[in-house]
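> Please read through the structure below; I'll follow up with questions.
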DNA sequence: GTCTATACGGAGATAGAC
DNA sequence: GTCTATCTCCGTATAGAC
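Chains as they are written, first to last, in the working numbering: chain A, 1 to 213; chain B, 1 to 213.
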């Protein structure tokens, strides 16, 4: 039965989630995982096929419900006829990300960083898995943006979505290209609430500026 | 003499730059590099200390002149008394990035991607090297932004710089979090000129919106 | 079906001869 | 400076025990 997975596979999943979040993908070895999970080295390849596929499983376990939550918020927004507010559309994405980042049982803020980094860094195996299953996400948000920003041409719309989601994913990833230069970072780039408070207006300013084409 | 480096070290540098750009850091092995450069495997560790340190050398060889070019443009801008235009300040950063991306002798667009990805992905050794040598870059641009956006408080200023540089570096890195979902990307996220044409207005909109604090 | 022990090839690093 | 030989650790594959 698919549901009653052996404890071995579950233990591997949970231990490796913690280790991937803490040390990153490359720096986490299968020997670290299997030792801490108290299972045999070969168990990972038996249950998941490869280290890459293990990461994909770890990733999908959190990503699927996150995407569903965003689309559910989008459904709710459109159901109550508020789908023409771009701010509210943006918040249907932001809010589930924030909720996930506050949930310690699901790894909290650290896991959101893993998610975002995996997207930004473009893991090989992840690409295929995502384009297979999550094209709906992009299509739904493209529709939603088009409806909330009807004065934009298709080119403008695509570019602005590109920048907006890039900015949001990177913000949640905790990437701070300036902090690596600075001795004492002024911006607490890892505090999700503070990020959102400044991020949303910035993104909205770019989205709502006059059309260029 | 520092200038007359042995041909061995130089060959390693040039071959590894090409391979890092083409295959990425992890996927490029020392054995690939040394074979193609026709030097012994141990030569890398003798001349550079480690694979990480080799990457740092490859990186710095291009990054240092890029940063200098930006600061030179900033100097020129302020010398002619145009330092209060935020658009022009932003362009002092964009223009050298574009120039580098057009220069095939220095790796062209692919190398700009490597640079940006290294920043975004936050290589361990890179962090230390950068914070040691390039704090001037951040300090100069912080001053320049403060002068061009005098109505902003320090908090607003830091956040907006954080978002603006994050957006610009990611754009040049060619990261496209949406494209991995899409079958056919509408946005040609890798074409530097097209990026800039849409990127600059988006960034400026966020930078110049009314202050929040 | 599950799990264990073990082996293999490739990686980065290094000691020591020349 | 250079090169050979060798070390440890990695992900992976498989044969065979339960």
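Yeah, the Cβ is synthetic: ideal placement off N, Cα and C, and Gly gets one too. It should be emphasised that the depicted structure is a prediction, and the values quoted were computed from it without experimental measurement.
Which chain B residues sit within Cβ distance under 7 Å of residue 160/A?
In chain order: 202.
> At the level of alpha carbons, what is the spacing between residue 45/B and residue 52/B?
The alpha-carbon atoms of residue 45/B and residue 52/B are separated by roughly 10 Å.
> Could you list which residues in chain B have their beta carbon closer than 8 Å to that of residue 165/A, in chain order?
Ordered by position in chain B, the residues that pass the 8 Å Cβ test against residue 165/A are 177 and 178.
> Could you check whether the region 131 to 147 of chain A touches the region 73 to 90 of chain A, counting it as contact only if at least three pairs of C-beta atoms, one from each stretch, sit closer than 8 Å?
Output reads yes: the region 73 to 90 of chain A touches the region 131 to 147 of chain A.
> Taking one C-beta from the region 32 to 40 of chain B and one from the region 15 to 22 of chain B each time, how about it: are there three or more such pairs within less than 8 Å?
Result yes; three or more Cβ-Cβ pairs closer than 8 Å.
> Hey, residue 201/A and residue 212/B: beta-carbon distance below 8 Å or not?
Result yes, Cβ atoms of residue 201/A and residue 212/B sit closer than 8 Å.
> Please state the DSSP three-state secondary structure of residue 134/B.
Correct three-state label for residue 134/B: coil.
> Across the region 104 to 118 of chain B and the region 159 to 174 of chain B, are there enough close Cβ pairs to call them in contact, namely three or more that are closer than 8 Å?
Flag = yes, the region 104 to 118 of chain B and the region 159 to 174 of chain B touch.
> Determine, for residue 148/B, whether the minimum Cβ-Cβ distance to residues of chain A falls below 8 Å.
With 8 Å as the cut-off, residue 148/B does not count as an interface residue toward chain A.
> Please identify the residue among 60/A, 72/A, 148/A and 102/A whose C-alpha is closest to the C-alpha of residue 128/A.
For the residues 60/A, 72/A, 148/A and 102/A, the minimum Cα distance to residue 128/A belongs to 60/A.
> With distances taken between CB atoms, is the gap from residue 119/B to residue 96/B smaller than 8 Å?
No, Cβ-Cβ distance for residue 119/B and residue 96/B is not below 8 Å.
> Quick one: Cα of residue 21/B to Cα of residue 132/A, how far?
Cα-Cα distance, rounded: 28 Å.
> Between residue 57/A and residue 139/B, what straight-line distance do the alpha-carbon atoms span, to the nearest angstrom?
Distance between the alpha carbons of residue 57/A and residue 139/B: 43 Å.
> By the criterion of Cβ-Cβ separation under 7 Å, what are the contact partners of residue 169/B in chain A?
Within chain A, the residues near residue 169/B are 177.
> For chain A, find out if any of its Cβ atoms is closer than 8 Å to the Cβ of residue 212/B; answer yes or no.
So, interface residue.
> Could you work out which residues of chain A lie near residue 196/B, taking near to mean beta carbons separated by less than 8 Å?
The premise fails here: residue 196/B is roughly 11 Å from chain A at the closest Cβ pair, so nothing lies under 8 Å.
> Can you pull the chain B residues whose beta carbon is under 7 Å from the beta carbon of residue 206/A, in chain order?
Within 7 Å Cβ-Cβ: 202, 205 and 206.
> Does the beta-carbon distance from residue 178/A to residue 162/B come in below 8 Å?
Closer than 8 Å, so yes.
> Tell whether a beta-carbon distance below 8 Å holds between residue 90/A and residue 196/A.
Contact flag unset, no.
> Could you name the residues of the region 80 to 104 of chain A whose beta carbon sits closer than 7 Å to any beta carbon of chain B, in the order they occur along the chain?
Under the 7 Å Cβ criterion, the region 80 to 104 of chain A contributes no residue.
> What residues from the region 12 to 44 of chain A come within 8 Å of chain B, judged by C-beta to C-beta, listed N to C?
Against chain B - using a Cβ distance shorter than 8 Å - the residues of the region 12 to 44 of chain A are 26.
> For a contact defined as C-beta to C-beta under 7 Å, what are the partners of residue 58/B on chain A?
By Cβ distance, chain A contributes nothing, its closest Cβ being about 18 Å from residue 58/B, past 7 Å.
> In angstroms, rounded to a whole number, what distance separates the CA positions of residue 1/A and residue 48/A?
Unreliable placement is indicated for residue 1/A, whose pLDDT of 37 sits below 50; the coordinate value is still reported in the next sentence. Taking the straight line from one Cα to the other gives about 16 Å.
> Return the residues of the region 126 to 149 of chain A that lie within a Cβ-Cβ distance of less than 7 Å from chain B, sorted by chain order.
Taking 7 Å as the Cβ-Cβ cut-off against chain B, the residues of the region 126 to 149 of chain A that qualify are 127, 130, 131, 134, 135, 137 and 138.
> According to DSSP, simplified to helix, strand and coil, what is residue 198/A?
If DSSP states are grouped into helix, strand and coil, residue 198/A belongs with the helices.
> Tell me which residues share the same chain as residue 134/B and place their Cβ nearer than 7 Å to its Cβ, disregarding the 5 neighbours each side in the sequence.
So the list reads 67, once near-sequence residues are dropped.
> Within the 8 Å Cβ cut-off, does residue 66/A reach chain B?
No, residue 66/A does not count as interfacial toward chain B.
> Given that a residue counts as buried once 16 or more other Cβ atoms are within 10 Å of its Cβ, and exposed if not, what is residue 153/B?
Residue 153/B comes out exposed.
> Buried or exposed: residue 40/A, going by 16 or more other Cβ atoms within 10 Å of its Cβ?
Exposed, by the Cβ-count rule.
> Should residue 42/A be labelled buried (16 or more other beta-carbon atoms within 10 Å of its own) or exposed?
Result: exposed.
> What three-state label does DSSP hand residue 23/B in the structure shown?
Note: residue 23/B maps to helix in three-state DSSP.
> Given residue 63/A, which residues of its chain have a CB within under 7 Å of its CB, disregarding the five upstream and five downstream residues?
Counting only Cβ-Cβ distances below 7 Å, and skipping sequence neighbours, we find 115.
> Pull out every residue of the region 106 to 117 of chain B whose Cβ sits closer than 7 Å to any Cβ of chain A, in chain order.
Those residues of the region 106 to 117 of chain B that come within reach of chain A (Cβ to Cβ, closer than 7 Å) do not exist; the list is empty.
> Using the three-state DSSP reduction, which class does residue 8/B fall into: helix, strand or coil?
It is helical.
> From the beta carbon of residue 152/B, is the nearest beta carbon of chain A less than 8 Å away?
Cβ-Cβ to chain A under 8 Å: no for residue 152/B.
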